[in-house]
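Working notes for the structure below.
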Amino acid sequence: MAAASVLPVKLELPSTPIQELIKSNNTNQIPERYLINSTSESNGCVLPWMDSSIIIDLQHLLDFSSPCAQKELLKLRHALSSWGCFQLVNHGVASSLMDQLHYVGKEFFALTLEEKQKYSRTAEWFEGYGCDVVSEDQPINWNDRLHLRIHPPQQRNLKFWPEIVPNFRETLHEYSVEMRKVLEIMLRAIAKSLNLEENTFLSQLGEDSTFFARFNFYPPCQHPDRVVGLKPHSDGTLITILLQDKDVEGLQVLKDDQWYKVPVIPNALFINVGDQLEIMSNGILKSPVHRAMIDKQKERMSVAVPTSVAIDKEIGPLSELIDKDRPRLYKNVDNYLSTFLQHYARGERAINVMRIQQ
Ligand code: OGA
Ligand code: NI
38 MAAASVLPVK LELPSTPIQE LIKSNNTNQI PERYLINSTS ESNGCVLPWM
88 DSSIIIDLQH LLDFSSPCAQ KELLKLRHAL SSWGCFQLVN HGVASSLMDQ
138 LHYVGKEFFA LTLEEKQKYS RTAEWFEGYG CDVVSEDQPI NWNDRLHLRI
188 HPPQQRNLKF WPEIVPNFRE TLHEYSVEMR KVLEIMLRAI AKSLNLEENT
238 FLSQLGEDST FFARFNFYPP CQHPDRVVGL KPHSDGTLIT ILLQDKDVEG
288 LQVLKDDQWY KVPVIPNALF INVGDQLEIM SNGILKSPVH RAMIDKQKER
338 MSVAVPTSVA IDKEIGPLSE LIDKDRPRLY KNVDNYLSTF LQHYARGERA
388 INVMRIQQ
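Residue numbering for the sequence shown follows the working numbering, beginning at 38 and increasing consecutively.
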């Protein structure tokens, strides 16, 4: 797919990587462009923890006729229609593979700037090494990233996959295969939890479904309440599968106007609904607003795998989920990614423009 047909907007070129900014900044002055309007609610210490009961066991979702599957599906439905997210355990992805992925990601960010810049993204397409996409009036996130398309395999842009890091390519490839398996099982279970035919979402994926891997690197900051790692946003995806940093927390989720800290559960994958699934489920499942905060002392790295239907595919609420008690809440849209990016860059939620005014 030609990048230009997907991205009608030019992306801002990557700004100075945060890693470089803190190296050259002896006085600990944070440049204006990175400062957020800090409010008392951004103080992470006083926030409650997200409900730790929202843990889903994938092994219970493999056979829907088993007695534990029914209970797990109810739990899943509850989690996704209230929080929009959960922690997935017993998912079958080897902990050694998750550790290895984390390791090769960290090795990439430990390269010299010159080496990393060989993989820099351009203003045309958002794959590669760089920063998040923000418009000029928005604070820049305290986040360096390496963003790679991992699926479909024939659309990988290997020039952005750092060959210089030993085992990087093999590890990410192996992890992609595992992500595809987890996605399939979860989409079946999500459909089932909504009393839909189990292939409902899977059949929408198609051959060209799009997954990325986003290595998010968050250097520490002396004044963590004056910057934000990732500003509040929802994801423009079907679902996002996040491998958190084992040692450093930072992810927070908004529910009923209250921010909650997401605990790190060793070896769990954190999964959240994205806007595409909220639209397809006619609003039954919630695409939660979340953000990433910065640690004062420690760097943090997460690996997000955003999964989406084929970029140019039309999506809309499923007819099975529209009735007179639940009228259609969203319009149909093709190329949601493009709409998403334009709003995301401005710090707005794209899904709001998809809503049908009742
Ligand atoms: C994302 C995201 C959270 C994190 O990449 O979209 O929300 O903890 N990441 O890095
Ligand atoms: Ni996100």
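The C-beta atom is built at its ideal place from N, Cα and C for all residues, glycine as well.
Since this is a predicted model, take the numbers as computed values, not measurements.
Check: On the premise that Asn309 lies in contact with Ile359, defined as a C-beta separation below 8 Å, what is that separation, rounded to the nearest angstrom?; Outcome: Not confirmed; about 24 Å, so no contact.
Check: Would DSSP call Arg251 helix, strand or coil?; Outcome: strand
Check: In angstroms, rounded to a whole number, what distance separates the CA positions of Gly353 and Gln241?; Outcome: 11 Å
Check: Are the CB atoms of Ile321 and Ser119 within a distance shorter than 8 Å?; Outcome: no
Check: For a test of the three-state rule: what should DSSP assign to Glu109, helix, strand or coil?; Outcome: helix
Check: Looking at the structure shown, is Arg158 part of a helix, part of a strand, or coil, going by DSSP?; Outcome: coil
Check: How far does the beta strand (DSSP E) with Gln124 in it extend, from its first residue to its last?; Outcome: 122 to 126
Check: When burial is assigned at 16 or more other CB atoms within 10 Å of the CB, is Ser356 buried or exposed?; Outcome: exposed
Check: Looking only at its chain, what residues have a beta carbon closer than 6 Å to the beta carbon of Asp169, apart from the 5 residues adjacent to it on each side?; Outcome: Asn178, Asn180
Check: According to DSSP, is Val202 part of a helix, a strand, or is it coil?; Outcome: coil
Check: Excluding sequence positions up to five away, which residues of its chain have a Cβ less than 6 Å from the Cβ of Arg383?; Outcome: Ser172
Check: Cβ of Thr277 within 7 Å of any heavy atom in the ligand NI?; Outcome: yes
Check: At a cut-off of 7 Å, is Gln56 close to the ligand OGA when judged by its beta-carbon and the heavy atoms of the ligand?; Outcome: no
Check: Which one or two residues does DSSP pair with Val342 in a beta bridge?; Outcome: Ile278
Check: How far does the beta strand (DSSP E) with Val310 in it extend, from its first residue to its last?; Outcome: 306 to 310
Check: For Gln313 and Ser230, what's the separation of their Cα atoms in angstroms?; Outcome: 17 Å
Check: Just to confirm the assignment, what range does the alpha helix (DSSP H) spanning Ala382 have?; Outcome: 373 to 382
Check: Would you say His270 touches the ligand NI, meaning its beta carbon is less than 7 Å from a heavy atom?; Outcome: yes
Check: Note down, in chain order, each residue of its chain lying with its Cβ closer than 8 Å to the Cβ of Leu279, except the 5 sequence neighbours on either side.; Outcome: Leu288, Leu306, Phe307, Ile308, Asn309, Ser339, Val340, Ala341, Val342
Check: Beta carbon of Arg158: closer than 7 Å to some heavy atom of the ligand OGA?; Outcome: no
Check: Does DSSP put Pro269 in a helix, in a strand, or in coil?; Outcome: strand
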